[in-house]
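Here's the structure, in structure tokens; my notes come after.
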Amino acid sequence: MGAKTVLVTGGGGYVGSHACKALAETGHVPVVYDHLRTGHRWAVKWGPFEQGDILDGARLDEILRRHRPAGVMHFAALACVAESFADPAAYFQTNVTGTLILLEAMRRHGIANLVFSSTCAVYGLPGAGAITEDAARRPLNPYGSSKLVVELMLEHYRRAHGLRYVSLRYFNAAGADPGGAIGEHHDPETHLIPLVLDVALGKRAHVEIFGEDYETTDGTCIRDYIHVCDIAEAHVLALRHLDRNEAAVFNLGNSRGTSVREIIALAARMTGKDIAVRSAARRPGDAPALIADASKLRRELGWSAALSKPETILETAWNWHRRHHGVG
Ligand SMILES: NC(=O)c1ccc[n+]([C@@H]2O[C@H](COP(=O)([O-])OP(=O)(O)OC[C@H]3O[C@@H](n4cnc5c(N)ncnc54)[C@H](O)[C@@H]3O)[C@@H](O)[C@H]2O)c1
């Protein structure tokens with residue numbers, strides 16, 4: 152696909168807004184489709200905004216007819232593991248039924264190209280070492296299950312209707328636009344880095360560490376933090392990939408693990424503030440360590456994790472966080 156209009160569902164959210172910026176920078180027109188329940192109008196800056204729900208097929212018809220996008224980037228979803236245990240129906244409704252309604256709308260309008268936001272949560276409890284794309288998919292929570300169902304659905308749509316898709320299984324998105332234009336703001340916030348930075352700003356008393364008795368280097372969970380701009384870049388490359396290929400699945404991570412304790416220590420150094428912590432019980436559905444093998448993405452799409460050093464992630468997140476909360 153050359154430089155063309157792209158429908159971005161969930162483009163008012165954290166990852167989707169950074170993808171819109173990357174699309175605009177490569178000459179595309181990102182049309183954001185979002186109901187803004189967890190996203191923000193201020194994050195839509197690089198193209199038209201259309202308010203709507205992916206569960207509303209008639210509204211999608213209207214928008215696809217009006218903008219005639221050449222492809223779709225599909226970020227819109229519910230994405231909180233704890234909430235998915237409490238309300239699985241909402242997760243299957245938005246993530247599975249919503250995607251089904253979107254796919255049918257795309258079919259009605261002859262749109263075959265899709266980049267889908269999948270997640271490392273589809274893997275569940277992987278064995279030791281970095282995870283490759285062919286690892287078993289056994290999600291530990293309803294959120295991961297809902298994303299796995301979508302992955303299966305996409306493959307059936309490819310076979311039956313010629314859908315061309317790239318599914319990107321991201322690990323932990325983190326960091327913010329280095330220019331400070333946009334960044335992470337979830338409400339309620341569940342992600343470690345913004346929570347830690349809230350403590351540094353004095354907006355929270357402490358950060359909770361869920362489990363310190365895992366079999367990891369320091370007992371806390373290890374995650375693979377990938378800069379949100381590196382994720383955005385992978386989406387643009389994935390769109391290009393669809394010109395030549397029908398379907399592909401890629402891990403999207405930094406191939407490097409950082410523990411909860413290491414993130415907290417790094418944030419304390421970077422911000423010059425004490426970060427108070429409180430020990431809490433392990434949470435259900437948390438794997439001890441999740442680290443991507445992202446060599447397929449590097450090899451086949453020419454992608455690199457240019458901004459994903461933990462120091463760069465924290466620095467860009469801190470710059471954004473301070474400015475967003477009107478401090479410094
Ligand atoms: N943030 C991460 O670390 C991470 C990791 C792996 C996968 N993902 C996936 O990436 C995508 C984006 O995540 P995020 O962190 O940017 O979340 P986010 O909540 O910031 O963004 C999601 C956006 O989708 C919109 N949305 C939700 N349901 C909708 C609906 N029914 N109709 C229209 N819009 C709707 C929300 O308003 C929001 O703007 C999600 O699909 C998520 O599962 C995120």
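In this text, residue positions in the sequence shown follow the numbering used here: the first is 152, and each later residue adds one.
Where is the CB? At the ideal position from N, CA and C, for every residue including glycine.
Practice item. Compare the Cα-Cα distances from Val183 to each of Glu384, Asp364, Leu215, Ala332 and report the closest residue. Key: Leu215
Exercise for review: Whole angstroms is fine: what's the gap from Ala418's alpha carbon to Glu384's?
Suggested key: 25 Å
Exercise for review: Using beta-carbon positions only, say whether Glu397 and Arg309 come within less than 8 Å of one another.
Suggested key: yes
Review point. When DSSP labels each residue in this structure, what does Ser296 get in the three-state scheme?
Key: helix
**Study point:** Within 8 Å, strictly: CB atoms of Ala456 and Asn405
**Key:** yes
Exercise for review: Keeping to the same chain, check which residues put their C-beta closer than 6 Å to that of Leu187; ignore five residues upstream and five downstream.
Suggested key: Gly163
Point to revise | For Val411 and Ile373, the rounded distance between their alpha carbons | key: 6 Å
**Study point:** Contact test: Asp375 Cβ vs ligand 1 heavy atom, cutoff 7 Å
**Key:** no
Exercise for review: Look at the alpha carbon of Asn470 and the alpha carbon of Ile344, and state the distance between them as a whole number of angstroms.
Suggested key: 12 Å
**Study point:** Classification of His307 by the beta-carbon crowding that lies within 10 angstroms, buried from 16 upward
**Key:** exposed
Review point. Mapping DSSP to helix, strand and coil, what is His472?
Key: helix
Practice item. Could you check what DSSP says for Asn405 in three-state terms: helix, strand or coil? Key: coil
Check your understanding: Bridge partners of Glu201, per DSSP?
Key -> Tyr184
Review point. If you draw a straight line from the alpha carbon of Gly249 to that of Phe243, how long is it in whole angstroms?
Key: 8 Å
Check your understanding: When you compare only the Cα positions, how much space is there between Gly280 and Cys271?
Key -> 14 Å
Practice item. Can you give me the Cβ contacts of Arg210 inside the same chain, cut-off strictly under 6 Å, excluding the 5 residues immediately before and after it? Key: Gly203
Review point. Thr177 by DSSP, collapsed to three states: which one?
Key: coil
Practice item. Would you mind sorting Lys172 into buried or exposed? The rule is 16 or more other CB atoms within 10 Å of its CB. Key: buried
Exercise for review: With DSSP collapsed to three states, give me the class of Val195.
Suggested key: coil
Check your understanding: How would you write the range of the alpha helix (DSSP H) that His392 sits in, first residue to last?
Key -> 379 to 392
Practice item. Please state whether DSSP places Ser459 in a helix, a strand or coil. Key: coil
Review point. If we call anything under 8 Å between Cβ atoms a contact, is Ala440 one with Gly408?
Key: yes
Check your understanding: Do you know offhand how far Tyr321's Cα is from Met421's?
Key -> 25 Å
Point to revise | Which listed residue (Leu206, Asp212, Thr177, Asp375) has its alpha carbon closest to that of Gly198 | key: Thr177
Review point. What distance in whole Å lies between the Cβ atoms of Leu253 and His225, which are believed to be in contact at a cut-off of 8 Å?
Key: 6 Å
**Study point:** Arg288 burial status per 10 Å Cβ neighbour count (16 or more: buried)
**Key:** buried
Review point. Are His475 and Gly334 close, meaning C-beta to C-beta below 8 Å?
Key: yes
**Study point:** Runs of alpha helix (DSSP H) wholly within the segment 311 to 374 (minimum 4 residues, chain order)
**Key:** 343 to 351
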